[in-house]
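Each remark here refers to the structure printed beneath this line.
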Amino acid sequence: MPDTAIPPTIPTVPVTPAVLDALRAIVGDKGLILDEQGKQPFVTDWRGSLVGTAAVVVRPANTEEVSKVVKLCHDNGIAIVPQGGNTGLMGGATPWPTHQGILLSLGRMNHVLEVDPVGYSMTVEAGCVLQTLQETAAGHDRFFPLSLGAQGSCMIGGNLSTNAGGVQVLRYGNARNLVMGLEVVLPNGDIWDGLRSLKKDNTGYDLKHLFMGAEGTLGIITKAVLKLWPAPKDVCTAWLAVRDPQAAIEILSEAHAASEDNVGSCELMSRACTDMVLRHIPGTQDPLKAETPWYLLLEWSSSRPRQDGAEGMSEKMEQFLADQMEAGRVLDAVISQTEAQSRNMWRIREGVAEASRAEGPGLSYDISVSISKIPEFIDKGIKAALDILPTIRPYPLGHIGDGNIHFSFMGPKGMDRGVLKQYSPAITRAVNDLITSMAGSISAEHGIGIEKLDELAHYRSRIELDTMRTIKRALDPKNLMNPGKVLRLS
8 MPDTAIPPTI PTVPVTPAVL DALRAIVGDK GLILDEQGKQ PFVTDWRGSL VGTAAVVVRP
68 ANTEEVSKVV KLCHDNGIAI VPQGGNTGLM GGATPWPTHQ GILLSLGRMN HVLEVDPVGY
128 SMTVEAGCVL QTLQETAAGH DRFFPLSLGA QGSCMIGGNL STNAGGVQVL RYGNARNLVM
188 GLEVVLPNGD IWDGLRSLKK DNTGYDLKHL FMGAEGTLGI ITKAVLKLWP APKDVCTAWL
248 AVRDPQAAIE ILSEAHAASE DNVGSCELMS RACTDMVLRH IPGTQDPLKA ETPWYLLLEW
308 SSSRPRQDGA EGMSEKMEQF LADQMEAGRV LDAVISQTEA QSRNMWRIRE GVAEASRAEG
368 PGLSYDISVS ISKIPEFIDK GIKAALDILP TIRPYPLGHI GDGNIHFSFM GPKGMDRGVL
428 KQYSPAITRA VNDLITSMAG SISAEHGIGI EKLDELAHYR SRIELDTMRT IKRALDPKNL
488 MNPGKVLRLS
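Note that our numbering has the sequence shown beginning at 8, numbered continuously upward.
See the structure below:
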């Protein structure tokens, strides 16, 4: 657990033999994991840096079983940590070491219940793996745009509970923008059925938005109605060497009109970050051997099939890049000619987290500022970190199309994790103070979980924190639902 975090007070009622028997009666033997080795992948976060405890891992097979498990825990005062694919980066799905309750995994609830290609929607269970949903939509000539590096193992319930972002937010919005309806098991075991395929429903409070981004602290998302879009038919991916981050945001600004509003993704990469991926991720190739410090991965896509003789995305991109070279913003560029070349570009971008783990200890900040302030933030943020630790290695990258930068650093060569941690509080305070002074966010898409519990308390206003606590206490007065995450109650 984070060295700086004081563990919050969470319920410590144990799982008794009688409760365990009752759980077994609900989910059966195959729905329980009791041995320590079997529990280990569930109580350890993806990075391997946070490890908690759970008396038992419970794996219900449907909503009714979730409801019965939650009601049993509610009646007995037992805390619950809900979990999807366990790919989060803030410890939101990892139990605290003081947790004595259950971990509830939704992985068995992995059915696509309905696809409505005419109405552009899909109804799914929370344990569906994101990539499966992308492929299911594609099989119906439709497109589900949520896309992130962990899509082969993350689950849609966790994506919605953390309001996941990813590389398509620029065009389609984050997870909460991709949902029409939810089914949620509330902290007392009641089931709220909000599975409505409606784009317009103005009947009071929009309850589904309470649960998206709440990280399982207000209830457990069990099903969702997701929005679909037409499948892309003409896609162009390019890797650009650019003058600097200021040029990058100017390129993006002009790309909207030049692509006829077809910019799908715009990802900033540094040379250092690209080289790190090339070092550690087998099979990746440098798309552009240019010795410049900054790069853009730019993708345009249209649902209109390319017509013979007509100007498609590639031709539009070629002309646009020529204009940007003439303006001095683009120094060199390559447009992918094959799907394999495009996949290689995306593998470099999506392999950063994996490469960072292989590179060694580091610090990472998931921040957002308004797009026009990105260059200023990068300059000032790097300077602030270097003033504290001059040999730290900056690796900024991210979704500049939506103002989200993963402001990352690798420790100085030869510095171990323990020594780097001594510098972490000062660098974190400097970076987050800068973000706040620029009216930005200390968590753009990764959430709060355990890791940013104290940062949220430090940077959010009393009114905001009190309002959040009021909601939490109203829905979960016993503080049994993912306790000690997102919000300190006192």
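The beta carbon of each residue, even a glycine, is placed where N, CA and C say it ideally should be.
Check, Outcome
"Can you tell me which of the three DSSP states Arg400 falls into?", "strand"
"Count the other CB atoms, across all protein chains shown, that sit within 10 Å of the CB of Tyr212; report buried if there are 16 or more and exposed otherwise.", "exposed"
"In terms of residue numbering, what span does the beta strand (DSSP E) encompassing Gln90 cover?", "Ile87 to Gln90"
"From the DSSP output, which residues share a beta bridge with Ala100?", "In DSSP, Ala100 forms no bridge with anything."
"Hey, Ala264 and Asp330: beta-carbon distance below 9 Å or not?", "no"
"Look at the alpha carbon of Ile17 and the alpha carbon of Asp440, and state the distance between them as a whole number of angstroms.", "29 Å"
"Nearest to Leu503 by CA position, among Ser112, Leu463 and Thr224, is which residue?", "An answer regarding residue 503 cannot be provided, because it is not within the stretch 8 to 497 covered by the chain."
"Can at least three beta-carbon pairs, one atom from the segment 330 to 349 and one from the segment 400 to 419, be found at a separation below 8 Å?", "no"
"If you measure between the beta carbons of Asp274 and Leu304, is that distance less than 9 Å?", "Correcting the residue type first, residue 274 is Glu in the shown sequence and not Asp. Taking 9 Å as the Cβ cut-off, Glu274 and Leu304 qualify as a contacting pair."
"Give the secondary structure of Arg149 by DSSP, where H, G and I count as helix, E and B as strand, and everything else as coil.", "strand"
"Please classify Val22 as buried or exposed, where buried requires at least 16 neighbouring CB atoms within 10 angstroms.", "buried"
"Using 9 Å as the threshold, is the C-beta distance between Thr229 and Gly271 below it?", "no"
"Under three-state DSSP, which class holds Trp53?", "coil"
"For Cys243, name the three-state secondary structure that DSSP assigns.", "strand"
"Going straight from the alpha carbon of Arg183 to that of Asp251, what length do you get?", "32 Å"
"If you check the beta carbons only, do Leu259 and Leu328 fall under 9 Å apart?", "no"
"Rounded C-beta distance between Asp241 and Gly319? I'm assuming under 8 Å.", "5 Å"
"Write down the C-beta distance between Ser308 and Ala221 rounded to the nearest angstrom, noting that I regard them as a contact closer than 8 Å.", "Actually they are not in contact, since the Cβ atoms of Ser308 and Ala221 sit about 32 Å apart, beyond 8 Å."
"Does the distance from the C-beta atom of Pro194 to that of Leu487 stay below 9 Å?", "yes"
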